[in-house]
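Residue numbering for the sequence shown follows this note's numbering, starting at 95 and increasing by one per position.
For every residue, glycine included, the Cβ atom is placed at its ideal position computed from N, Cα and C.
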Amino acid sequence: MNSQERRPSGSPQPASSEEGTRDLSSTHVTHVREDVALAGRCANVHLPTGRTCTLPVRHPGSCNFVGPGDADNVAVP
Numbered sequence: 095m096n097s098q099e100r101r102p103s104g105s106p107q108p109a110s111s112e113e114g115t116r117d118l119s120s121t122h123v124t125h126v127r128e129d130v131a132l133a134g135r136c137a138n139v140h141l142p143t144g145r146t147c148t149l150p151v152r153h154p155g156s157c158n159f160v161g162p163g164d165a166d167n168v169a170v171p
């Protein structure tokens, strides 16, 4: 029974905590290029594309992902 189905009393069935919780674990997993991070950059890696954020560490807003060649230019050798 989902939360939209009615109980015999006519009131909606309350959703269980399992139904109301989505697995957001993948949104909290970050992969970082260590050589770019050592240069003081965000260095988060967008796994589907392999692109790396080269904005300053703890920057506000969204990441700006660049290709591997551009990330290599800011990486610590």
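Option in the options with minimal Cα separation from residue i
i, options, result
"proline 150", "Val130, Thr124, Pro171, Gly163", "Val130"
Beta carbon of residue i nearer than 7 angstroms to that of residue j
i, j, result
"arginine 145", "alanine 137", "no"
"alanine 133", "alanine 165", "no"
"arginine 135", "threonine 124", "no"
Reduced DSSP secondary structure (H/G/I, E/B, other) of residue i
i, result
"proline 142", "coil"
"proline 162", "helix"
"valine 151", "coil"
"valine 181", "In the structure displayed, the chain extends from 95 to 171; residue 181 sits before or after that span and is not available."
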